[in-house]
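Novice:
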Amino acid sequence: MKVIRLFTAASTLALSAGLTQAADTAGWSYKDIADALHAVMESDRTVYTRLIVNRLQNEEKVIKASEHWKDDKALVLPAQMFRFGAEMVAEKDAGFTYSLLSEWPINKQNAAKTDVEKAGLSEIAKTGKPFYKEETLGGKKFFTAVYPDKAVAKACISCHNDHKDTPRRDFKMGEVMGGVVLRLPMK
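If you want the numbering used here, it's the 1-based position in the sequence shown plus 33.
#1: Put R202 into one of helix, strand or coil per three-state DSSP.
#2: Alpha carbon to alpha carbon, how far is Q142 from S132?
#3: Do you know offhand how far V122's Cα is from R201's?
#4: Hey, how far is the Cα of K197 from the Cα of K220?
#5: Evaluate contact between the stretch 63 to 78 and the stretch 166 to 179, counting only Cβ atoms and requiring at least three cross-stretch pairs below 8 Å.
#6: Compare the C-alpha of Y63 against each of F164, A158, F115 and name the closest.
#7: State the CB to CB distance for the pair F115 and R78, rounded to an integer number of angstroms; the pair is presumed to be in contact (CB under 8 Å).
#8: From D231 to K173, what does the alpha carbon distance come to, in whole angstroms?
#9: Is the separation between the beta-carbon of G211 and that of S135 shorter than 7 Å?
#10: Expressed to the nearest angstrom, what Euclidean distance is found between the alpha-carbon atoms of K187 and K125?
#11: For T177, write down the residues that DSSP places opposite it in a beta bridge.
#12: If we count the other Cβ atoms within 10 Å of its Cβ and call it buried at 16 or more, is M74 buried or exposed?
#13: Quick one, are the C-beta atoms of K183 and V209 less than 7 Å apart?
#14: By the DSSP assignment, the alpha helix (DSSP H) with Y63 in it spans what residues?
#15: Note down, in chain order, each residue of its chain lying with its Cβ closer than 6 Å to the Cβ of A42, except the 5 sequence neighbours on either side.
#16: In angstroms with no decimal places, state the Cα-to-Cα distance between V109 and E100.
#17: Rounded to the nearest angstrom, what separates Q90 and T169 at their Cα positions?
#18: Secondary structure at I37, three-state DSSP: helix, strand or coil?
#19: Compare the Cα-Cα distances from I190 to each of V95, W137, A144 and report the closest residue.
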């Protein structure tokens, strides 16, 4: 319940006053806001992966998940669902951005591009703990958080280990497969 209340407060503040001002006026740190947003993102993604994809594809074998979900009349992959959410947030100009990146991306567009992304992905792969850093991009200052994205279901492992374009084929349950990169604008 604490996370839900935290997120509700964070989203209310963010929508009414903007993320940067919310951090200043409510005594919230950028880390607090990033952690609250990530808690909701991680929970939603895990629920979709475990209760929908893993259950329907791997346990009940009713329908598969596919990166070509429209053509295959299949479920959207958890990583795609996450990306679609990130794209919708960007369209709404919500004041923050997020993405799912990896040191071992199946899709090369999901590789780290900035020095902070590279350092964050490397660090979370070693420690399994979030990485926080400030960075300047395009002349604007951001609080950037990188969170470990771990294999939470058999569906994660089989998709990554068996994909024809994967650069790595030995992922195991609970292992860091990539990272969620969340950016908050700073004053």
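Beta carbons: idealized from backbone N, C-alpha and C, even for Gly.
Specialist: This is what the structure gives:
#1: If you number the sequence shown from 1, residue 202 lands on position 169. Correct three-state label for R202: coil.
#2: Start at 1 with the first residue of the sequence shown, and residue 142 comes out as number 109. Start at 1 with the first residue of the sequence shown, and residue 132 comes out as number 99. Distance between the alpha carbons of Q142 and S132 is about 11 Å.
#3: Position 89 of the sequence shown, counted from the start, is the residue given in the question as residue 122. Position 168 of the sequence shown, counted from the start, is the residue given in the question as residue 201. Looking at the two C-alpha atoms, the distance is approximately 30 Å.
#4: The residue you call residue 197 lines up with position 164 of the sequence shown. The residue you call residue 220 lines up with position 187 of the sequence shown. Roughly 44 Å separates the two Cα atoms.
#5: yes
#6: Walking along the sequence shown from the start, residue 63 turns up at place 30. Of the candidates F164, A158, F115, the one whose C-alpha sits nearest the C-alpha of Y63 is F164.
#7: Taking the sequence shown and counting its residues from 1, one reaches residue 115 at position 82. Taking the sequence shown and counting its residues from 1, one reaches residue 78 at position 45. About 5 Å separates the beta carbon of F115 from that of R78, a gap short enough to meet the 8 Å contact definition.
#8: Limits of the chain in this structure are 34 at one end and 220 at the other, which puts residue 231 out of reach.
#9: Within the sequence shown, residue 211 is the residue found at index 178, counting from 1. Within the sequence shown, residue 135 is the residue found at index 102, counting from 1. For G211 and S135, yes; Cβs fall inside 7 Å.
#10: Residue mapping note: residue 187 aligns to position 154 of the sequence shown, counting from 1. Residue mapping note: residue 125 aligns to position 92 of the sequence shown, counting from 1. So the alpha carbons of these two residues sit roughly 33 Å apart.
#11: Here residue 177 refers to the residue found at position 144 when the sequence shown is read from its first residue. Per DSSP, K166, R216.
#12: Working through the sequence shown from its first residue, we reach residue 74 at position 41. M74 comes out buried.
#13: The residue you call residue 183 lines up with position 150 of the sequence shown. The residue you call residue 209 lines up with position 176 of the sequence shown. It is a contact, given that the beta carbons lie within the stated cut-off.
#14: Within the sequence shown, numbered from 1, the residue matching residue 63 stands at position 30. Element bounds for Y63: 63 to 80.
#15: The count along the sequence shown starts at 1 and reaches residue 42 at position 9. Low confidence applies to A42: its pLDDT is 45, below 50, so where it sits in the model is not reliable enough to give any reading.
#16: Here the question's residue 109 lines up with position 76 in the sequence shown. Here the question's residue 100 lines up with position 67 in the sequence shown. Taking the straight line from one Cα to the other gives about 7 Å.
#17: For the purposes of this step, residue 90 is taken as residue 57 along the sequence shown, with counting starting at 1. For the purposes of this step, residue 169 is taken as residue 136 along the sequence shown, with counting starting at 1. Each residue's Cα considered, the two are about 42 Å apart.
#18: If you number the sequence shown from 1, residue 37 lands on position 4. Annotation note: pLDDT 43 at I37 (below 50); position unreliable, no value reported.
#19: Sequence index remark: in the sequence shown, residue 190 carries index 157 (1-based). When only C-alpha atoms are compared, the closest one is W137.
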